[in-house]
Amino acid sequence: MTDKYIINWELSLACNLDCSFCSQKERRNLNNKIPSLENIYQIIDNLPNNTHISFLWWETLMLPNIIDIFKKLEERWISYEITTNGILLDKFFGVVMNNPTLNSLPKIREGGYNKIEQLKHLTQINISIDWYGDFHDISRWKKWLFNKLKKVIPELINIKNITISTVISPNLTNENIVKLHLWLNSIWIKEHKLIYMMNFSKIDVENSKNKIKELKIWLPGSEKLDNNVLKNNFLEKLSLLKNLWNNNPSLYSFPKIREGGYKKIQITIEPIALFKKWKISCKQLDKQLRIDENGKLSICEFITNNFDDISKIKLNDAIKNNDFIEFKKAIKSNFPLDICKTCCKLYNENSSN
1290 MTDKYIINWE LSLACNLDCS FCSQKERRNL NNKIPSLENI YQIIDNLPNN
1340 THISFLWWET LMLPNIIDIF KKLEERWISY EITTNGILLD KFFGVVMNNP
1390 TLNSLPKIRE GGYNKIEQLK HLTQINISID WYGDFHDISR WKKWLFNKLK
1440 KVIPELINIK NITISTVISP NLTNENIVKL HLWLNSIWIK EHKLIYMMNF
1490 SKIDVENSKN KIKELKIWLP GSEKLDNNVL KNNFLEKLSL LKNLWNNNPS
1540 LYSFPKIREG GYKKIQITIE PIALFKKWKI SCKQLDKQLR IDENGKLSIC
1590 EFITNNFDDI SKIKLNDAIK NNDFIEFKKA IKSNFPLDIC KTCCKLYNEN
1640 SSN
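Letter by letter, the sequence shown follows residues 1290 to 1642 of the working numbering.
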């Protein structure tokens, strides 16, 4: 582990969309309960001070007491970020702007502050957008979603750090990814993250279980695609966007937004280790921890083995559990498992990335 605990936390499996490509839809239907506020507070109390939380996967903003949860983190000075589909962003920030309970938080800088700036430790909002325009609405089965995002995202950019993530699927056209990227650049989004599509089959599951008998795996509903096709498609989209910048100097003309400034949107890819001949490992094995929807220490969203309940034990004690340690060792000694080979959590062991 690094000096700071990086925790990926699935607060709940509840979601307000029914995306056709969702790899966890059936799992979500089995358990979409929302945990009690008391249970969440107990987990937060059991986290070390030097913690950063990434609330991810499902729709965190659906939780009815999400403001109270964030306030609890603010009081403990624990930093956090959220990943969202964006549907509730306007409602969420409307609630924040008018929430009198936030006035009780200590003033963090001279002159004080109010409203949205009181979520001082909310460091980043990650928004998933996989298409531009109506194509995004069709893929998400939600009419007018993209138009809502076009309205709310520019209003938030000067308040919070916003990043956009796009899963590069085989159906994403060159024209559409260019439209999306140019729009993000025009509204001064700083980072556009391109994510390789997770891809494994029942055979990959069986091969992985043959290596580690106690492995529990949740299999996405879709059949495995040709990895060469996915990889070539990904590299084509990446090359397209790079050439877009190389051949269009006018794109560099946007004003500097902050001291030091930046001239263009940053393109990042996950996992970069997939395209380099490096010794690879998993961030969630080496650098991060995960808390599942039941509040238990776990490994990842596909490997569903879980361990101590963090509402009942300090995280520092839970990671010393011998069963947890030995399970991670078993995965490391067989890494990469067949189910791991296209995961966005892959990284180069000799790199900080």
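For every residue, glycine included, the Cβ atom is placed at its ideal position computed from N, Cα and C.
With contacts defined as CB atoms closer than 8 angstroms, residue 1378 and residue 1301 fail to qualify as a contacting pair. Rounded to whole angstroms, the separation of the alpha carbons of residue 1337 and residue 1325 is 21 angstroms. Unbroken alpha helix (DSSP H) runs of no fewer than 4 residues, entirely contained in the stretch 1452-1480, are found at 1463-1475, following chain order. Rounded to whole angstroms, the Cβ separation of residue 1637 and residue 1569 is 6 angstroms, and the two are in contact under 8 angstroms. A distance of 8 angstroms or more separates the beta carbons of residue 1331 and residue 1370. Buried is the label assigned to residue 1348, since at least 16 other Cβ atoms lie within 10 Å of its Cβ. Taking C-alpha positions only, residue 1507 is separated from residue 1316 by approximately 8 angstroms. Residue 1620 has its alpha-carbon roughly 26 angstroms from the corresponding atom of residue 1456. Annotation: residue 1342 to residue 1354 spans about 17 angstroms, alpha carbon to alpha carbon. One Cα belongs to residue 1580, the other to residue 1588, and the distance between them is close to 8 angstroms. Secondary structure note for residue 1499: its alpha helix (DSSP H) is the uninterrupted segment 1491-1500. For the 8 angstroms CB-CB criterion, residue 1424 and residue 1485 do not form a contact.
In the DSSP annotation of this structure, the continuous segment of the beta strand (DSSP E) that includes residue 1298 starts and ends at 1294-1298.
For residue 1376 against residue 1460, the beta-carbon gap comes to about 22 angstroms, at or over 8 angstroms, which does not count as contact. Contact between the stretch 1531-1538 and the stretch 1582-1602 is absent: fewer than 3 CB-CB pairs across the two stretches fall below 8 angstroms. Shown here for residue 1516: same chain residues with a beta carbon closer than 7 angstroms to its own, the five before and five after excluded, namely 1488, 1631 in chain order. Within a 10 Å sphere around the beta-carbon of residue 1577 sit 16 or more other beta-carbons, which makes this residue buried.
Residue pairing from DSSP places residue 1559 in a beta bridge opposite 1484. Comparing alpha carbon positions, the residue from 1594, 1467, 1494 closest to residue 1629 is 1494. In this structure, the beta-carbon distance from residue 1416 to residue 1373 falls below 8 angstroms.
DSSP places residue 1425 in the uninterrupted alpha helix (DSSP H) bounded by 1423-1429. Contact annotation: residue 1482 and residue 1593 have beta-carbon atoms that are not nearer than 8 angstroms. Taking 8 angstroms as the cut-off, the Cβ atoms of residue 1586 and residue 1613 count as close. In the structure shown, residue 1617 adopts helical secondary structure according to DSSP, grouped into three states. According to DSSP, residue 1417 shares a beta bridge with 1454. Taken atom to atom, the span from the alpha-carbon of residue 1478 to that of residue 1440 is near 14 angstroms.
Residue 1430 is a Cβ neighbour of residue 1309, given a cutoff of 8 angstroms. Boundaries of the alpha helix (DSSP H) harbouring residue 1528: 1516-1535, taken from the DSSP string.
Considering only 1573, 1513, 1380, the residue with the shortest C-alpha distance to residue 1356 is 1380. One Cα belongs to residue 1555, the other to residue 1468, and the distance between them is close to 16 angstroms.
Sequence-distant partners of residue 1514 (beyond 5 residues in either direction) whose C-beta falls short of 8 angstroms from its own C-beta, in its chain, are 1459, 1486, 1488. Here residue 1367 is buried: its Cβ has 16 or more other Cβ atoms, across all protein chains shown, within 10 Å. For residue 1451, the closest alpha carbon among the candidates 1476, 1328, 1471 is that of 1476.
Within its own chain, the residues whose Cβ lies closer than 6 angstroms to the Cβ of residue 1307, once the five positions on either side in sequence are excluded, are 1430, listed in chain order. Note: residue 1368 is bridge-paired with 1341 in the DSSP secondary-structure output. Residues of the same chain with a CB within less than 8 angstroms of the CB of residue 1446, apart from the 5 flanking positions on each side, are 1476, 1477, 1478 in chain order.
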